[in-house]
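Reading through the C-alpha cells given below for one structure.
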DNA sequence: GTGGTCTAGACCACC
DNA sequence: GTGGTCTAGACCACT
C-alpha cells in the first residue's frame, strides 16, 4: 500500500503532494489498475492531515481519470501510467540506480541530483522540441501541468 | 540571466517556484556569488506575475541567506550552492546527459524520468541512512524541504 | 451577470446546481468567453450558501476547462458552449417558445414539459444511435456526464 | 417495466435519480395506478447499485403518496400523474417529437435541447406569474422541487 | 479584496 | 465504515 509522506512547510499544498506521489507510483508501476488507495482515514492516521484534504486530492485524481471513488468501498486505480522502460529490471533503470549511487557518493545531495536531472531534461527538450512531442499518444490529460524550468 | 518559468495551475505557489528555480541555478553554478537576479520588473515582464510575488520570493531567499536585496541596486547572490561534481564537463554530468537522452528516446516522458530519479534516490537513501547523512556539514538552510517518497 | 438559484431540498448538491446553471448559460450564449462570473462573496450574498461551496463549483469548472480562476481578480469564462441554432432569434428557438406556451396553456406543468422533452430525446436517440454521435466534434470534455433515461 | 439508468458521476444521488425517473414515467403514462415497480433485486441486477439505495427511493415515493410498498408482494403505483395532453398521439407531443428531431439534426446536443427548454420555461413563467399558478389544484406533492434558473 | 488551502465537525449517501 | 457534502472560520497567495 502506498505510503504518503507530506512535507508541511515545503509550500506545496498537501493535496498536491498526494496527487504527485500517487502519479509517481502509477508511473513506476507500484500502483496498478484496480489497486486500492488507502482510505482517507488511513492517510489521516499516517500523515496527520485532515480527511477533507485527502478527499480533495482523491477527487482531483478522479476528475483526471486516474482513480474512481466508490462510496462505502474505497478509492481504486482506474488507469495505468506505467512505462515498460521504467520497470524494475529495465536496463535504463539499473543504469540510473548505479548513477545515483555514484552521484551520492561523490557528495551530491538529493537536491543536487534533482537539479542536475531537471537541467539535463531541459537541455534535451530544448534540443528536440522539433522532433517529437514528449507526450505518448493516448496519454492526453485535461489541464495537464506544463513543465517547469531552471 | 536566469529566466523564470512559472507554471500557473501546477498548484505550487508562484513564489515557491521562483525560489526553487533560483536554488537550482545556484546548485548548477548558473548563478554565482555576486550575480544579479533580474529585477522584479523584468520578472513581471517575462512571467506576467505580480511584482509583490517576486519580492516575496526574493525576501524569502534573503532570509535563507542566499541573496541580498540592495535598495536601488538590485538583488545579488551572496552564497553559492555549486558542487564541483555537477560542473558542466564533469563525468557524472556527461553520463546523466547521455542517460536522459536514451530515456527520452525510449519513450519516457519528463514526468517518468523525474519519477524514476525520485524513486532511485529514495531507494538509495533508505539503504544508506545508517552510513552518512546526505547533508554536507555547514550546509544547513532555513526552510529546508524534507524529502518525500514514492 | 448570471444569477444562481439554489434549490436546497432538491437533493442535488449546491455545487452541482451552480455548475449546471453555468453550463446552461454558456450553451445559451448568456455567458461568453471572457465574461466574469460573480465572486464567491456575491454568490454567497445572493444564495446563502457557503463560499467554499461556490469555490468547489468554480474549481470543478476550471478542471473541466470552462473557466479560469485568477486569484485577486475573479473567475472568467474561457470556453464557449454556444450553439448558433440556439440563438435568441433562431427559428428553432422561436418554435420552441411557441410550443412551450401552448403546452403550458394546455395545462402541462413545468415538470410535465421536462418529462416530455426527455422522453422525446430518448426516443430520438434510440432511433439514431447508429447514425451520428450526439457530440459535436471538438466538444470533448473529461468525465462527461452520461445521459439518463425515463 | 421501467428501466432505471443511474448516472454515477453526475453528482446527483442515486436514489434521487430513481425518484425522478419514476415520476417522469408517471407523468408520461408509462406507469399507471396499480403497476408494479421492479423489485429491489431487479434494480440491483440492472444498475449495480445497492438494494438499500433502491429501498430508500421507494420509501421516499411512498411518503410522497406515489407508490405503496406491500411486504412480500412488491411496490405498486397508487397515484397517477398522467396528463391527457401528454399522451402518445396528442398533437402537442407529435409537434415536440418533430421539433426535437430537427433540433438534433441542426447539431444541438441533448444538453443544448434541455438548456433551451429550461430557458423557454423560465421565460414563459416569468411572463405569466400573475395570470395563473403553474400547479394544478390537488397536485401538491411533498418534496416538490422548486424551479431553477438559467 | 480576490481566490486558495486547510482545519474541524456535522450530517448524508452508499455498501 | 466508506466516501460526499456542507458549514464555519483561520490563514495564505496574489492583484
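Protein chains in written order, with this note's numbering: chain A, 413 to 562; chain B, 413 to 562; chain C, 413 to 562; chain D, 413 to 562.
Glycine included, every Cβ here is placed at the ideal spot set by N, Cα and C.
How should residue 499 of chain C be labelled, buried or exposed, when 16 other C-beta atoms within 10 angstroms of its C-beta is the threshold for buried?
Along the third chain, one-based indexing puts residue 499 of chain C at 87. Here residue 499 of chain C is exposed. Its C-beta has fewer than 16 other C-beta atoms within 10 Å.
Between residue 480 of chain C and chain D, is any beta-carbon pair separated by less than 9 Å?
As a working note, residue 480 of chain C is residue 68 in the third chain. Taking 9 Å as the threshold, the shortest C-beta distance from residue 480 of chain C to chain D does not fall below it.
So, for residue 462 of chain D: in the same chain, excluding its five sequence neighbours on each side, which residues have a beta-carbon less than 8 Å away from its beta-carbon?
If you number the fourth chain from 1, residue 462 of chain D lands on position 50. Taking residue 462 of chain D as the centre and dropping the five residues before and after it, the same chain places the C-beta of 456 closer than 8 Å to its C-beta, in chain order.
Any C-beta of chain D under 9 Å from that of residue 501 of chain C:
Here residue 501 of chain C corresponds to residue number 89 of the third chain, with the count starting at 1. Cβ-Cβ to chain D under 9 Å: no for residue 501 of chain C.
I'd like to know if residue 425 of chain A contacts chain B, where contact means its C-beta is closer than 9 Å to some C-beta of that chain.
Translated into positions along the first chain, residue 425 of chain A becomes position 13. When Cβ-Cβ separations below 9 Å define contact, residue 425 of chain A makes contact with chain B.
Are the beta-carbon atoms belonging to residue 434 of chain A and residue 486 of chain A less than 9 Å from one another?
What you label residue 434 of chain A is simply residue 22 of the first chain in a count that begins at 1. What you label residue 486 of chain A is simply residue 74 of the first chain in a count that begins at 1. No. Outside cutoff.
Simplified DSSP state of residue 525 of chain C, which is helix, strand or coil
Position 113 of the third chain, counted from the first residue, corresponds to residue 525 of chain C. Residue state, collapsed to three classes: helix.
Identify the contact partners of residue 440 of chain A in chain B, using a Cβ-Cβ distance below 8 Å as the criterion.
One-based indexing of the first chain puts residue 440 of chain A at position 28. Taking a Cβ-Cβ threshold of 8 Å, the residues of chain B close to residue 440 of chain A are 527, 528, 531, 562, in chain order.
Report the option in C:533, C:472, C:495, C:481 whose CA atom is closest to the CA atom of residue 506 of chain D.
Translated into positions along the fourth chain, residue 506 of chain D becomes position 94. Among C:533, C:472, C:495, C:481, the Cα nearest to that of residue 506 of chain D belongs to C:533.
Quick one: does residue 541 of chain C have its CB under 9 Å from some CB of chain D?
Counting from 1 along the third chain, the entry for residue 541 of chain C is found at position 129. Under the Cβ distance rule, residue 541 of chain C does not count among the residues neighbouring chain D, no pair being separated by less than 9 Å.
With residue 487 of chain B as the anchor, note down where its beta strand (DSSP E) starts and where it stops.
In the second chain, counting from the first residue as 1, residue 487 of chain B sits at position 75. Looking at the DSSP string, the run of the beta strand (DSSP E) that includes residue 487 of chain B is 486 to 489.
Residues of chain A with CB closer than 8 Å to the CB of residue 509 of chain B, please, in chain order.
By one-based count along the second chain, residue 509 of chain B stands at place 97. Residues of chain A whose Cβ lies closer than 8 Å to the Cβ of residue 509 of chain B are, in chain order, 532, 535, 536.
Are the C-beta of residue 431 of chain A and some C-beta of chain B separated by less than 9 Å?
Locating residue 431 of chain A in the first chain gives position 19, counting from the first residue. Yes - at least one Cβ of chain B is within 9 Å of the one on residue 431 of chain A.
Could you work out which residues of chain A lie near residue 467 of chain B, taking near to mean beta carbons separated by less than 8 Å?
As a position in the second chain, residue 467 of chain B is number 55, starting the count at 1. Near residue 467 of chain B there are no residues of chain A at all, since even the closest Cβ is about 16 Å away, more than 8 Å.
Provide the residue(s) that pair with residue 482 of chain B in DSSP beta bridges, ordered along the chain.
One-based indexing of the second chain puts residue 482 of chain B at position 70. Answer is B:486.
Tell me, please, which residues DSSP counts as bridged to residue 448 of chain C.
As a working note, residue 448 of chain C is residue 36 in the third chain. For residue 448 of chain C, the beta-bridge partners assigned by DSSP are C:488.
Using a Cβ cut-off of 7 Å, pull out every chain D residue sitting near residue 449 of chain C, in sequence order please.
Locating residue 449 of chain C in the third chain gives position 37, where the first residue counts as 1. Within chain D, no residue comes near residue 449 of chain C; the closest Cβ sits about 14 Å away, beyond 7 Å.
DSSP three-state assignment for residue 533 of chain A, whether helix, strand or coil
For this step, residue 533 of chain A is matched to residue 121 along the first chain. The answer is helix: DSSP assigns residue 533 of chain A an H, G or I state.
Hey, out of D:536, D:449, D:458, D:484, whose CA is closest to residue 469 of chain D's CA?
The residue you call residue 469 of chain D lines up with position 57 of the fourth chain. Comparing Cα-Cα distances from residue 469 of chain D to each of D:536, D:449, D:458, D:484, the minimum goes to D:449.
Verify whether the separation of the beta carbon atoms of residue 520 of chain C and residue 528 of chain C is less than 9 Å.
Start at 1 with the first residue of the third chain, and residue 520 of chain C comes out as number 108. Start at 1 with the first residue of the third chain, and residue 528 of chain C comes out as number 116. The answer is yes: Cβ separation under 9 Å.
Could you tell me if residue 531 of chain A is buried or exposed, where buried requires 16 or more neighbouring beta carbons within 10 angstroms of its beta carbon?
Counted from its first residue, the first chain places residue 531 of chain A at position 119. By the 10 Å Cβ count, residue 531 of chain A comes out buried.
Residue 435 of chain C CB to nearest chain D CB: under 9 Å?
Position 23 of the third chain, counted from the first residue, corresponds to residue 435 of chain C. Interface residue, yes.
If I measure Cβ to Cβ from residue 550 of chain A and keep anything under 6 Å in the same chain, skipping five residues before and after, which residues do I get?
Walking along the first chain from the start, residue 550 of chain A turns up at place 138. Confidence at residue 550 of chain A is low in this model, with a pLDDT of 42, below 50, so its placement is unreliable and the value that follows should be read with caution. By the criterion of a C-beta distance shorter than 6 Å, residue 550 of chain A is surrounded by no residue of its chain, once the five residues flanking it on both sides are discounted.
Taking the alpha-carbon positions, what's the residue 522 of chain D to residue 437 of chain C distance?
As a position in the fourth chain, residue 522 of chain D is number 110, starting the count at 1. As a position in the third chain, residue 437 of chain C is number 25, starting the count at 1. When the Cα atoms are used, residue 522 of chain D and residue 437 of chain C turn out to be separated by approximately 15 Å.
For residue 515 of chain B, count neighbouring C-beta atoms within 10 Å of its own C-beta (all shown protein chains included) and say buried if the count is 16 or more, exposed if not.
Taking the second chain and counting its residues from 1, the one referred to as residue 515 of chain B is at position 103. Counting Cβ neighbours within 10 Å, residue 515 of chain B comes out buried, since at least 16 surround it.
Using the Cα positions of residue 482 of chain A and residue 473 of chain D, report the straight-line distance between them to the nearest angstrom.
Residue mapping note: residue 482 of chain A aligns to position 70 of the first chain, counting from 1. Residue mapping note: residue 473 of chain D aligns to position 61 of the fourth chain, counting from 1. Rounded to the nearest angstrom, the two C-alpha atoms are 26 Å apart.
Beta carbon proximity, residue 498 of chain A to chain B, threshold 9 Å:
Residue numbering aside, residue 498 of chain A sits at position 86 when the first chain is read from its first letter. Yes, residue 498 of chain A lies at the interface with chain B (some Cβ there is under 9 Å from its Cβ).
Residue 540 of chain B versus residue 447 of chain C: straight-line alpha-carbon distance, rounded:
The sequence position of residue 540 of chain B within the second chain is 128, counting from 1. The sequence position of residue 447 of chain C within the third chain is 35, counting from 1. The C-alpha of residue 540 of chain B lies about 56 Å from the C-alpha of residue 447 of chain C.
Could you give the C-beta distance for residue 414 of chain D and residue 443 of chain D, rounded to a whole number, given that I count them as a contact under 8 Å?
The count along the fourth chain starts at 1 and reaches residue 414 of chain D at position 2. The count along the fourth chain starts at 1 and reaches residue 443 of chain D at position 31. Contact check for residue 414 of chain D and residue 443 of chain D: beta-carbon distance about 6 Å, within the 8 Å limit, so the pair qualifies.
For chain D, find out if any of its Cβ atoms is closer than 9 Å to the Cβ of residue 428 of chain C; answer yes or no.
To locate residue 428 of chain C, count along the third chain from 1; it is residue 16. By this cut-off, residue 428 of chain C is an interface position.
Going along the chain, which residues of its own chain have a beta-carbon closer than 8 Å to the beta-carbon of residue 445 of chain C, five neighbours each way excluded?
Here residue 445 of chain C refers to the residue found at position 33 when the third chain is read from its first residue. Closer than 8 Å at the Cβ level, and outside the excluded window around residue 445 of chain C, lie 489, 490, 491, 492.
List the residues of chain C whose Cβ lies closer than 9 Å to the Cβ of residue 379 of chain D, in chain order.
Absent from the model: residue 379 of chain D. The displayed extent of chain D is 413 to 562, so no value can be given.
Interface partners of residue 504 of chain A on chain B, CB under 7 Å:
Translated into positions along the first chain, residue 504 of chain A becomes position 92. Here the neighbours are 514, 515, 518.
Rounded distance between the beta-carbons of residue 459 of chain C and residue 416 of chain C, thought under 8 Å
Residue mapping note: residue 416 of chain C aligns to position 4 of the third chain, counting from 1. Residue mapping note: residue 459 of chain C aligns to position 47 of the third chain, counting from 1. The distance from the Cβ of residue 416 of chain C to that of residue 459 of chain C is about 6 Å, consistent with a contact at the 8 Å cut-off.
Buried or exposed for residue 510 of chain A, please, with buried defined as at least 16 other CB atoms from any protein chain shown within 10 angstroms of its CB.
What you label residue 510 of chain A is simply residue 98 of the first chain in a count that begins at 1. By the Cβ neighbour-count rule, residue 510 of chain A is exposed, with fewer than 16 other Cβ atoms within 10 Å of its own.
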